[in-house]
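Asks:
Protein chains in written order, with the numbering used here: chain A, 87 to 430; chain B, 87 to 430.
1. Buried or exposed, going by whether 16 or more other CB atoms sit within 10 Å of the CB of residue 253(A)?
2. At a Cβ threshold of 7 angstroms, is residue 429(A) touching chain B?
3. May I ask which residues mark the beginning and end of the alpha helix (DSSP H) holding residue 389(A)?
4. Would you mind giving the Cβ-Cβ distance between residue 157(B) and residue 196(B), rounded to the nearest angstrom? I have them listed as a contact below 8 angstroms.
5. Out of 227(A), 293(A), 205(A), 275(A), which has the shortest C-alpha to C-alpha gap to residue 217(A)?
6. Does the count of Cβ pairs from the region 303-316 of chain B and the region 225-233 of chain B closer than 8 angstroms reach three?
7. Specify whether the region 281-293 of chain A and the region 354-363 of chain A touch according to this definition: at least 3 beta carbon pairs, one from each stretch, less than 8 angstroms apart.
8. Could you check if residue 384(A) is buried or exposed, using at least 16 other CB atoms within 10 Å of its CB as the buried criterion?
9. Thinking C-alpha only, which one of 397(A), 231(A), 208(A) is nearest residue 340(A)?
10. Listing by chain order, which chain B residues have their CB less than 7 angstroms from the CB of residue 130(A)?
11. With distances taken from CA atoms, which of 321(B), 328(B), 186(B), 103(B) is nearest residue 145(A)?
12. What whole-angstrom Cβ distance do residue 138(B) and residue 229(A) have, given they're in contact under 8 angstroms?
13. Which one of 161(B), 106(B), 96(B) has the shortest CA to CA distance from residue 290(B)?
14. Residue 245(A) CB to nearest chain B CB: under 7 angstroms?
15. Spatial neighbours of residue 221(B) within its chain, please: CB distance less than 7 angstroms, with the 5 preceding and 5 following residues excluded, ordered by chain position.
16. Taking a cut of 8 angstroms between CB atoms, which residues from the region 222-244 of chain A lie near chain B?
17. Going by beta carbon distance, what residues of the same chain come within less than 8 angstroms of residue 168(B), once the five residues before and after it are set aside?
18. Going by the DSSP bridge assignment, what does residue 310(B) pair with across the sheet?
19. Taking only three categories from DSSP, how would you classify residue 266(B)?
20. Please give me, in chain order, every unbroken run of the beta strand (DSSP E) with length at least 3 that falls completely inside the region 130-169 of chain B.
21. Strictly below 8 angstroms CB to CB, what residues from chain A border residue 442(B)?
22. Would residue 257(A) count as contacting chain D if we go by Cβ distances under 7 angstroms?
23. Hey, out of 377(A), 332(A), 394(A), whose CA is closest to residue 415(A)'s CA?
24. The beta strand (DSSP E) with residue 238(A) in it runs from where to where?
25. Determine whether the Cβ of residue 87(A) lies closer than 7 angstroms to any Cβ atom of chain B.
26. Considering residue 360(A), what are the terminal residues of the alpha helix (DSSP H) in which it resides?
27. At 8 angstroms on the CB atoms, spell out the chain B contacts of residue 120(A), in chain order.
28. Report the rounded CA-to-CA distance for residue 404(B) versus residue 373(B), giving the unit in angstroms.
29. Name the residue from 192(A), 148(A), 153(A) whose alpha carbon lies nearest to the alpha carbon of residue 269(A).
30. What residue range does the alpha helix (DSSP H) around residue 101(B) cover?
31. Any residues in the region 326-351 of chain B with a beta carbon nearer than 8 angstroms to a beta carbon of chain A? Which ones, in chain order?
32. Looking at the structure shown, is residue 331(A) part of a helix, part of a strand, or coil, going by DSSP?
33. Check whether chain B comes within 7 angstroms of residue 500(A), counting only Cβ atoms and requiring the distance to be less than that.
34. What is the DSSP secondary structure of residue 217(B), counted as helix, strand or coil?
35. Counting only Cβ-Cβ distances shorter than 9 angstroms, please list the residues of the region 141-171 of chain B near chain A, keeping chain order.
36. Could you tell me the boundaries of the alpha helix (DSSP H) in which residue 282(A) lies?
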């Protein structure tokens with residue numbers, strides 16, 4: 087930080103709203119009729135589309151720490167987790183509104199950074215920031231973002247459609263965000279180890295928006311979500327919504343080399359990071375056996391990443407883990423609960 | 087509060103989400119395709135409509151105090167201020183998503199009350215609660231609601247359309263919410279005075295949703311907003327967006343008898359409550375001279391309330407106040423700024 091500190095409380099609400107508009111480029115699409123500056127933003131949806139709406143909050147000290155992330159990372163992350171929910175319905179975003187709760191003593195430079203990071207992702211994902219609200223808080227910085235999106239009528243992919251026999255797939259390696267978080271929590275224990283991939287997973291998660299479009303257009307998917315709580319917790323969400331069980335194959339779960347090395351340095355099991363870590367924001371979906379193999383090559387080529395099959399949907403209710411030796415155990419649900427954090 | 091206290095932290099995120107669904111009735115319209123329980127809510131908009139989107143937050147200790155409002159009032163109020171923004175575009179709501187930040191030690195009964203009050207307004211306004219998010223906070227209870235609505239294509243009414251010669255109208259008495267707030271702040275000073283109207287204005291503001299529909303359908307409105315910051319501040323928003331000035335006639339501003347008596351008991355000017363108080367959530371609009379008079383009778387009959395003309399849009403930039411003796415003064419902007427609260 088250089089130069090004079092200007093506090094949010096010195097600048098005032100309306101000057102701050104004016105200031106932040108400089109970070110927001112005019113949206114390139116024609117769907118935005120009216121952006122910031124009136125009682126509501128106004129959008130023109132496509133004909134024959136359904137609307138999809140999602141909201142999520144991030145609070146300092148609960149979801150991130152200021153010594154772990156730059157303000158730009160926090161802005162990116164807050165928008166990314168919402169856009170990821172749009173991807174998880176196989177839709178695309180129309181626009182976002184941002185509700186900020188700010189302590190009056192906060193440096194305006196922090197808010198500038200937040201909006202800079204948000205705008206980077208907004209541009210990458212064609213998700214213009216079209217409105218918001220700003221209020222004082224007696225607590226810490228909190229960012230609540232709501233994203234409106236659309237999907238062709240009847241083509242949203244829900245959690246509730248998984249059927250016995252479906253293959254379970256993920257769009258990338260798992261456990262990276264957990265490895266990044268642990269590297270920040272225990273820097274001495276991982277000193278000297280490469281961690282740039284893991285830190286990027288944690289600080290700048292990539293919503294798999296284009297990947298979800300590709301999959302919806304090229305294959306029949308029975309169920310789809312994004313991995314925010316961890317594979318063990320989120321797969322349980324699919325199973326409960328669909329009335330089915332699942333088997334995960336331990337040696338099929340994709341784990342990045344950095345994640346393995348960081349886990350080993352911490353005397354932890356890399357598979358535990360991948361199954362329970364959460365916040366990877368890769369997609370997890372189920373599809374009938376013949377659907378995915380024929381499109382894997384095109385997917386690799388287009389996105390420079392691989393679709394990986396991690397298990398099978400079965401009858402029943404249990405989610406189990408099959409070891410390479412053939413033994414099978416019931417997988418405990420250890421996904422993240424905001425009010426009762428699970429152990430690592 | 088009776089019975090055993092169950093804390094949010096004891097119940098956990100997912101059990102709490104399940105619990106809250108009992109407070110939410112199935113939406114009666116056919117526009118909701120998928121409600122709570124997936125990555126996004128899914129909605130079917132009307133053909134040929136534009137979408138409108140607004141968000142607002144309310145935090146304990148900043149926007150309300152627990153000794154002033156029941157949890158039901160807080161829930162009502164949080165949704166009402168958002169639905170009021172939908173009314174201020176002359177649209178109607180499609181659905182709302184609710185992001186709650188809750189301290190783990192909070193009694194679950196408080197959350198029940200919050201949702202009970204929200205659901206009361208949601209039913210009255212046909213604005214189903216279709217999704218949300220719940221997270222822990224290290225601070226106080228905070229509620230951020232986002233409402234999606236729609237309006238026939240090209241028929242949203244903005245702040246920016248006011249023209250010199252327009253009449254300025256409001257949909258009801260002003261200053262009531264301020265009187266209610268002062269009655270709560272200084273109970274001894276107003277002891278014995280009737281305050282039920284004023285308290286209702288503060289605790290249970292009524293979005294003028296149906297009134298805005300009536301006005302859009304029956305007259306040509308040039309500009310429209312809801313009075314959240316106070317007439318002096320909000321009329322300035324219209325003037326700045328439209329590049330015009332305005333004159334308010336002091337003796338035309340409608341003030342409820344209770345508001346007058348409470349102001350007098352506090353040695354305050356009732357007109358100051360009405361001009362600068364804020365949070366009345368009546369509509370303020372401008373229209374050409376011949377538009378409103380012919381529909382006033384029907385409006386009265388339908389809504390049991392009166393449209394009141396409070397002034398005139400003029401060339402220039404200033405907002406002035408004309409006294410009954412013909413003198414005219416520039417009206418200072420004393421609307422609410424979240425980071426720099428104005429004096430009473």
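Using N, Cα and C, we set each Cβ at its ideal position, and we do this for glycine too.
Replies: With the given structure in hand:
1. For the purposes of this step, residue 253(A) is taken as the residue at position 167 of the first chain. That one is buried.
2. Looking up residue 429(A) in the first chain gives position 343. With a pLDDT of only 40 at residue 429(A), under 50, the local geometry of the prediction cannot be trusted, and no value is derived from it.
3. Translated into the one-based positions of the first chain, residue 389(A) becomes position 303. Note, residue 389(A): alpha helix (DSSP H), 382-389.
4. Translated into the one-based positions of the second chain, residue 157(B) becomes position 71. Translated into the one-based positions of the second chain, residue 196(B) becomes position 110. Between residue 196(B) and residue 157(B) the Cβ distance is about 5 angstroms, and since that is below 8 angstroms, they are a contact.
5. Taking the first chain and counting its residues from 1, the one referred to as residue 217(A) is at position 131. Scanning 227(A), 293(A), 205(A), 275(A) for the CA closest to the CA of residue 217(A) turns up 205(A).
6. As far as the Cβ criterion goes, the region 303-316 of chain B does not touch the region 225-233 of chain B, which means the pair count is below three.
7. Between the region 281-293 of chain A and the region 354-363 of chain A there are fewer than three inter-stretch CB-CB distances shorter than 8 angstroms, so the stretches are not counted as touching.
8. For the purposes of this step, residue 384(A) is taken as the residue at position 298 of the first chain. The residue is exposed, with fewer than 16 neighbouring Cβ atoms inside 10 Å.
9. Position 254 of the first chain holds residue 340(A). For residue 340(A), the nearest C-alpha among the options comes from 397(A).
10. As a working note, residue 130(A) is residue 44 in the first chain. Neighbours of residue 130(A) on chain B, chain order: 136.
11. In the first chain, counting from the first residue as 1, residue 145(A) sits at position 59. Of 321(B), 328(B), 186(B), 103(B), the residue nearest in Cα terms is 186(B).
12. Against the second chain, residue 138(B) aligns to sequence position 52. Against the first chain, residue 229(A) aligns to sequence position 143. Not really, about 22 angstroms apart at Cβ, beyond 8 angstroms.
13. Along the second chain, one-based indexing puts residue 290(B) at 204. Relative to residue 290(B), the option among 161(B), 106(B), 96(B) whose CA is nearest is 161(B).
14. Counting from 1 along the first chain, the entry for residue 245(A) is found at position 159. Answer yes: the Cβ-Cβ gap between residue 245(A) and chain B drops below 7 angstroms somewhere.
15. Within the second chain, the letter at position 135 stands for residue 221(B). Counting only Cβ-Cβ distances below 7 angstroms, and skipping sequence neighbours, we find 187.
16. 222, 223, 224, 225, 226, 228, 230, 232, 234, 235, 237, 239, 242, 244
17. Counting from one through the second chain, the residue named residue 168(B) turns up at place 82. So the list reads 140, 141, 142, 182, 231, 232, 233, once near-sequence residues are dropped.
18. As a working mapping, residue 310(B) is identified with position 224 in the second chain. DSSP lists 371(B) as partners of residue 310(B).
19. Within the second chain, the letter at position 180 stands for residue 266(B). Helix, per DSSP.
20. Considered as a whole, the region 130-169 of chain B harbours 135-145 as its complete beta strand (DSSP E) runs of no fewer than 3 residues, in chain order.
21. Because chain B in this structure spans residues 87 to 430, residue 442(B) falls outside the shown range and cannot be described.
22. No chain D is part of this structure, whose protein chains are labelled A and B.
23. On the first chain, residue 415(A) is found 329 positions in, with the first residue counted as 1. Out of 377(A), 332(A), 394(A), 332(A) has the C-alpha closest to the C-alpha of residue 415(A).
24. On the first chain, residue 238(A) is found 152 positions in, with the first residue counted as 1. Per DSSP, residue 238(A) is one residue of the beta strand (DSSP E) stretching across 228-238.
25. Within the first chain, the letter at position 1 stands for residue 87(A). Because residue 87(A) sits at a pLDDT of 46, beneath the cut-off of 50, its placement in the model cannot be relied upon, and the point is left open.
26. On the first chain, residue 360(A) is found 274 positions in, with the first residue counted as 1. It spans 356-362 - the alpha helix (DSSP H) in which residue 360(A) sits, taken as one unbroken run.
27. Here residue 120(A) corresponds to residue number 34 of the first chain, with the count starting at 1. Those are 242, 244, listed as they occur along chain B.
28. Position 318 of the second chain, counted from the first residue, corresponds to residue 404(B). Position 287 of the second chain, counted from the first residue, corresponds to residue 373(B). Answer to the nearest angstrom: the Cα atoms are 19 angstroms apart.
29. As a first step, residue 269(A) is located in the first chain; it is residue number 183 there, counting from the start. Ranking 192(A), 148(A), 153(A) by Cα distance to residue 269(A) puts 153(A) first.
30. As a first step, residue 101(B) must be located in the second chain, where it is residue number 15. Looking at the DSSP string, the run of the alpha helix (DSSP H) that includes residue 101(B) is 99-106.
31. Cβ proximity to chain A below 8 angstroms picks out 327 from the region 326-351 of chain B.
32. Taking the first residue of the first chain as 1, we reach residue 331(A) at position 245. Residue state, collapsed to three classes: strand.
33. No information on residue 500(A) is available, as it lies outside the stretch 87 to 430 that chain A covers here.
34. Position 131 of the second chain, counted from the first residue, corresponds to residue 217(B). Strand at residue 217(B).
35. Taking 9 angstroms as the Cβ-Cβ cut-off, the region 141-171 of chain B approaches chain A at 141, 142, 143, 144, 145, 146, 147, 148, 149, 170, 171, given in chain order.
36. Along the first chain, read from residue 1 onward, the residue named residue 282(A) stands at position 196. Looking at the DSSP string, the run of the alpha helix (DSSP H) that includes residue 282(A) is 282-289.
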